[in-house]
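Novice: First, the structure itself, so that you have it in front of you.
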Amino acid sequence: MKITLACAGGMSTGMLVKKMEEYASSQGINADISACGLSELEERVTGSDIILLGPQVGYQQDDVKKEYPDIPVLVIEMMDYGMMNGEKVFKMAQEVIAAKSK
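Just so we're aligned: the sequence shown equals residues 3 to 104 in the numbering used here.
In structure tokens form, the structure reads like this:
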């Protein structure tokens, strides 16, 4: 499973990636989770099962969906982002990926 997070610069989502990796590891789930700035998304998105946008770039969700129509694109909830709730964000991504593969 490959999860790509994108925000304005990739810095704040980097902290969330660590929390998501910790949760995945604690569950024995092998996941490739990375963060980048929205401007780097094209270089990093190959093979992604889902793209998660930081709330600060959520307004660009429609543009990202048009650019990558085969990859689900979600905006991370502001509360989950602010609290760095890696478990909740990971589970949300997992559910969307599972639903897409059915």
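Even glycine gets a Cβ: it sits at the ideal position worked out from N, Cα and C.
Since this is a predicted model, take the numbers as computed values, not measurements.
Below 8 Å between beta carbons: does that hold for V59 and L40?
Specialist: Against a cut-off of 8 Å, the Cβ pair of L40 and V59 comes out as a contact.
Novice: Could you tell me the distance, in whole angstroms, from the CA atom of I52 to the CA atom of I99?
Specialist: Taking the straight line from one Cα to the other gives about 7 Å.
Novice: Going by C-alpha distance, which of G16, M13 and A33 is nearest Q96?
Specialist: Per the Cα distances, A33.
Novice: Quick check on M81: buried or exposed, where buried means 16 or more other Cβ atoms within 10 Å of its Cβ?
Specialist: Flag for M81 reads exposed.
Novice: When the Cα atoms are used, what is the spatial distance from I5 to E24?
Specialist: Using only the alpha carbons, I get a separation of about 14 Å.
Novice: Residues bridged to T2 by DSSP?
Specialist: Within the shown structure, residues of the chain are numbered from 3 to 104, placing residue 2 beyond reach of any answer.
Novice: Comparing C-alpha positions only, which one of K21, G11 and G16 sits nearest to K93?
Specialist: Taking only the C-alpha atoms, the option nearest K93 is K21.
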